[in-house]
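Colleague:
Residue numbers (our numbering), protein chains in the order written: chain A, 1 to 381; chain B, 1001 to 1517.
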């Protein structure tokens, strides 16, 4: 058990160490003290307000990253989370004020609208891939531009708040559609938030989605089909999985999660869609999915760490240390984690092969030695 | 040279000699003390089970990797090959089992590729073609230098590969299982070529596990088992059976004649099945096959004559142009691959790594593959991990899959053990029809006889089996009825008890048609 845990933690440990060294070197070269930077970051981040801010921002990031990860699980690269998220935010914002319902129903309806918009926008590259074999990386990226243009058009012509003639923004999401804060619930347990610190109600939704994601991928037949399609498309097909159906379902789930993530901001801190709405999130989601190894637990840690480092970097400004150091830290963390996970994976594979060979009487393989990648012969020149 | 002159009566110095070669890979000792001495101008066969270490040994000889221990002597002189290029420059050429030719180039272009005659900027076409024609005439390897490789048959492609290494000045040629891809007539032609090569002083090292062929062509035979040399024999001194026992180290189970007869109930029926090809011709041309309960119908044929498409058609992976397929009297028309699995079609795919297992997935997940939609593996869409693990453990025990446990990834298992897992999985699901494509390809002799036994037992219990194989021995050992496929059509129905290899070969190549016409 201890061995297993250490092998799981080895790769992230290497990655964190590498990125900290690289960021420290960058600080030293630019004439700053890494220790001072670290102290400033920790001091800034170790407050209730900072932690709540991190949670508020990490929750939508987590959901969008799960959406990217479900695609990655079957080698389907949905780079279009940006467009799906943007359109979902805009249309859900516009629609939320068009009708009124009791609170629970209103929230549910707006969230469903966001999910459906994201899923339908993702359906376009899905259909293109299934019918015309269009690579989804290309089509989703292109559709991001279409979504940008389309959302501007919709906002100006149909979904704008008419009472503000010179501002391109939607009406504010009605009170009955806004997610309640968790402050009241947590204060029941005797914990008191500082003034103006609000823990958003999206966090439980994100946690629930994470649990559902785990169950769907690892405990259902759909998840089994999805994982084998990712690992071996031909084997999946021979086993009776319909590749087209899997592509359509998966990309719609992926888009739906991008749409859901948008409500994490829309129904909490940003109650309308305008130019200040946080749009960079989906691309960060791709990085976070990679960093979290497409696993709901890993992505949770990655999303929290990512937002944590961004938040902590704000503490550097008073110390006259460029906060951009956090970008270096995150960038090297991403690259070194991708590399170290692969190295550790190969090491573990070699160990498993050794064990398997050991299970054979006489300690020999009963067939060709399994190839790990380095034993193949060179072709004749 | 001088010391050879000193000792007149000394035996001829080996063209190539290996002493105590040891080569380890992660988890396996592929070669564990191999000794080999090859006389110049002879055909020296190296035989052994799959995984005995033959290919590893050849890669050592060819410079594709360096041995961990031991030495290589070339004409009595110790050499070290850092790369295949070194080996080629010392006159050692290798012909791989899988051809490495560019289809869109002509024969002579392929042969000179990478070693072009002429100045740096210009290719001397005339000289290239002339050298090639001379080489072909000298060694009896006739191919049209201007033909495109894509138009050549398998036998011709192999001759091109051999010419390629001769063109580079090879005096020692290593052939890795050269007959695996050939039909019997082509094998004879290859052997004739090899003899004319040795007559011209070329040394041939021939790797195989087909013992009759080895006995027919080799001057000396070295047997390796479990990475060690177990003996060197002359083909005249041993029978194929004795050789097999040296290879395996135990007695081969003798195939037992069948006493019961298959029932009359038709389980699998294909009626005039056609599949459209890319051009005018259909890939499958009015194929009709009947497999009854308790019957094994074997399909022989050179690979690429529609067998893969036939499998796809039955499994619902490729649309039919016309015709019908039914299982147990019910048409499969409109059923998905999953539906077909569910009505009781078991499937052992032809490409184990591509279609049969998911290599990075653990064994207990691989055991569900193809059956993930049915009990006990899933109930109402939820996977039952406990049942899957139990099933995996049962298959591992009953089918002798050698593994430390069911959580190991399939990639960690050897090919034979992966295949046993696949066979176990398909058999355990209780199919009424089994579509078995090359069920023992790349599997060692022990696993092969085990898999044959499983199929025989299941057949006796009423399973209908459609067996597609490139291994004639396997087809003859298992089939009750033998069909031959050529250019997408069934061209002959034969009785495996009376058919001869020569007859089969004639139908497989189409020679029988021309004789009859």
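Glycine included, each C-beta is placed from N, C-alpha and C at the ideal position.
Establish whether the CB of residue 363 of chain A and some CB of chain B are separated by less than 9 angstroms.
Modeller: No answer about residue 363 of chain A holds up, because its pLDDT of 34 lies below 50 and its placement is not dependable.
Colleague: Would DSSP call residue 1030 of chain B helix, strand or coil?
Modeller: It is a strand residue.
Colleague: Once the 5 residues before and after residue 1201 of chain B are set aside, which same chain residues still bring their CB inside 6 angstroms of it?
Modeller: Contacts found: 1041.
Colleague: Identify each residue in the region 1376 to 1407 of chain B for which the Cβ-Cβ distance to at least one residue of chain A is less than 7 angstroms, and report them in chain order.
Modeller: Cβ contacts with chain A come from 1378, 1381, 1382, 1383, 1402, 1403, 1404.
Colleague: Just confirm the distance between the C-beta atoms of residue 1415 of chain B and residue 1443 of chain B, as a whole number of angstroms; I'd bet it's less than 8 angstroms.
Modeller: Right, the Cβ-Cβ distance comes to about 6 angstroms (below 8 angstroms), so this counts as a contact.
Colleague: Buried or exposed for residue 360 of chain A, please, with buried defined as at least 16 other CB atoms from any protein chain shown within 10 angstroms of its CB.
Modeller: Low confidence applies to residue 360 of chain A: its pLDDT is 47, below 50, so where it sits in the model is not reliable, and the reading given next is rough at best. So residue 360 of chain A counts as buried.
Colleague: For the alpha helix (DSSP H) that residue 1094 of chain B lies in, which residues bound it at each end?
Modeller: From DSSP, residue 1094 of chain B is part of no alpha helix (DSSP H) but of the beta strand (DSSP E) over 1092 to 1095.
Colleague: Drop a sphere of 10 angstroms on the beta-carbon of residue 1309 of chain B, count the other beta-carbons inside from all chains shown, and report buried for 16 or more, exposed for fewer.
Modeller: Residue 1309 of chain B comes out buried.
Colleague: Output, in chain order, the set of chain A residues within a Cβ distance shorter than 9 angstroms of residue 1338 of chain B.
Modeller: Residues of chain A passing the Cβ test: 239, 240, 241, 242.
Colleague: Does the structure place the region 92 to 100 of chain A close enough to the region 168 to 175 of chain A that three or more beta carbon pairs sit under 8 angstroms?
Modeller: Short answer: they touch.
Colleague: Which same chain residues, not among the five before or five after residue 1505 of chain B, have their C-beta less than 8 angstroms away from its C-beta?
Modeller: Answer for residue 1505 of chain B: 1183, 1184, 1185, 1511, listed in chain order.
Colleague: Between residue 167 of chain A and residue 269 of chain A, what straight-line distance do the alpha-carbon atoms span, to the nearest angstrom?
Modeller: Approximately 19 angstroms, taken between the alpha carbons.
Colleague: With burial defined as no fewer than 16 other Cβ atoms inside 10 Å of the residue's Cβ, what is the status of residue 1127 of chain B: buried or exposed?
Modeller: The residue is exposed, with fewer than 16 neighbouring Cβ atoms inside 10 Å.
Colleague: What does residue 352 of chain A reach in chain B if we use C-beta pairs closer than 7 angstroms?
Modeller: Going along chain B in sequence order, the residues near residue 352 of chain A (Cβ under 7 angstroms) are 1408, 1409, 1412.
Colleague: Could you check which residue in B/1208, B/1144, B/1135, B/1240 has the C-alpha nearest to that of residue 1197 of chain B?
Modeller: That would be B/1135, whose Cα lies nearest to the Cα of residue 1197 of chain B.
Colleague: Cutting at 8 angstroms between CB atoms, please list the residues of its own chain near residue 286 of chain A, excluding the five before and the five after it.
Modeller: Hits under 8 angstroms: 65, 68, 79, 81.
Colleague: If you measure beta-carbon to beta-carbon, which residues of the region 1104 to 1123 of chain B are closer than 8 angstroms to chain A?
Modeller: Flagged, chain order: 1114, 1115.
Colleague: Measure from the alpha carbon of residue 58 of chain A to the alpha carbon of each residue in A/327, A/226, A/262, then state which is nearest.
Modeller: Of the listed residues, the one whose Cα sits closest to residue 58 of chain A is A/262.
Colleague: From residue 1264 of chain B to residue 1290 of chain B, what does the alpha carbon distance come to, in whole angstroms?
Modeller: Using only the alpha carbons, I get a separation of about 11 angstroms.
Colleague: Only counting runs of 3 or more residues, tell me where the beta strand (DSSP E) segments fall wholly within the region 1399 to 1440 of chain B, in order along the chain.
Modeller: Counting whole runs of 3 or more residues, the region 1399 to 1440 of chain B contains the beta strand (DSSP E) stretches 1433 to 1437.
Colleague: Are there three or more Cβ pairs, one per stretch, closer than 8 angstroms when the region 1235 to 1249 of chain B is compared with the region 1208 to 1221 of chain B?
Modeller: Enough Cβ pairs lie closer than 8 angstroms, so yes.
Colleague: Determine contact between the region 214 to 230 of chain A and the region 1373 to 1388 of chain B, defined as no fewer than three beta-carbon pairs at a distance below 8 angstroms.
Modeller: Contact holds: three or more Cβ-Cβ distances are below 8 angstroms.
Colleague: Could you pull out every residue in the same chain whose Cβ sits closer than 6 angstroms to the Cβ of residue 1191 of chain B, ignoring the five residues on either side in sequence?
Modeller: 1217, listed in sequence order.
Colleague: Mind pulling the chain A residues with CB within less than 7 angstroms of residue 1360 of chain B?
Modeller: Those within 7 angstroms of residue 1360 of chain B in chain A are 231.
Colleague: With C-beta atoms as the reference, is residue 1475 of chain B less than 9 angstroms away from residue 1299 of chain B?
Modeller: Cβ atoms of residue 1475 of chain B and residue 1299 of chain B: closer than 9 angstroms.
Colleague: Chain B beta carbons: is any one of them nearer than 9 angstroms to that of residue 218 of chain A?
Modeller: Yes, contact with chain B.
Colleague: Contact check, residue 267 of chain A vs residue 178 of chain A under 8 angstroms by CB: the rounded distance?
Modeller: Rounded, the Cβ-Cβ distance is 5 angstroms, consistent with contact.
Colleague: For the region 1338 to 1350 of chain B against the region 1385 to 1396 of chain B, do three or more pairs of beta-carbon atoms, one drawn from each stretch, fall closer than 8 angstroms, so that the two count as touching?
Modeller: Touching, no.
Colleague: Would a check of beta-carbon distances place residue 1013 of chain B closer than 9 angstroms to chain A?
Modeller: Chain A, which has no Cβ nearer than 9 angstroms to the Cβ of residue 1013 of chain B, makes this no.
Colleague: On the DSSP bridge assignment, give the partners of residue 1366 of chain B in chain order.
Modeller: DSSP, once it has assigned bridges, lists no residue as partnering residue 1366 of chain B.
Colleague: Contact criterion: CB-CB distance below 9 angstroms. Does residue 228 of chain A meet it with respect to chain B?
Modeller: Yes, residue 228 of chain A counts as interfacial toward chain B.
Colleague: Which residue or residues does DSSP assign as beta-bridge partners of residue 1482 of chain B?
Modeller: BP columns for residue 1482 of chain B point to B/1298, B/1494.
Colleague: With DSSP as the reference, label residue 1218 of chain B as helix, strand or coil.
Modeller: In this structure, residue 1218 of chain B counts as coil in the three-state DSSP scheme.
Colleague: Is DSSP giving residue 1204 of chain B helix, strand or coil here?
Modeller: The answer is strand: DSSP assigns residue 1204 of chain B an E or B state.
Colleague: Is residue 160 of chain A close to chain B, meaning its C-beta is less than 9 angstroms from at least one C-beta of that chain?
Modeller: No - not a single Cβ of chain B is within 9 angstroms of the one on residue 160 of chain A.
Colleague: Short check: CB of residue 142 of chain A to CB of residue 247 of chain A, under 9 angstroms?
Modeller: Not in contact: residue 142 of chain A and residue 247 of chain A (Cβ atoms no closer than 9 angstroms).
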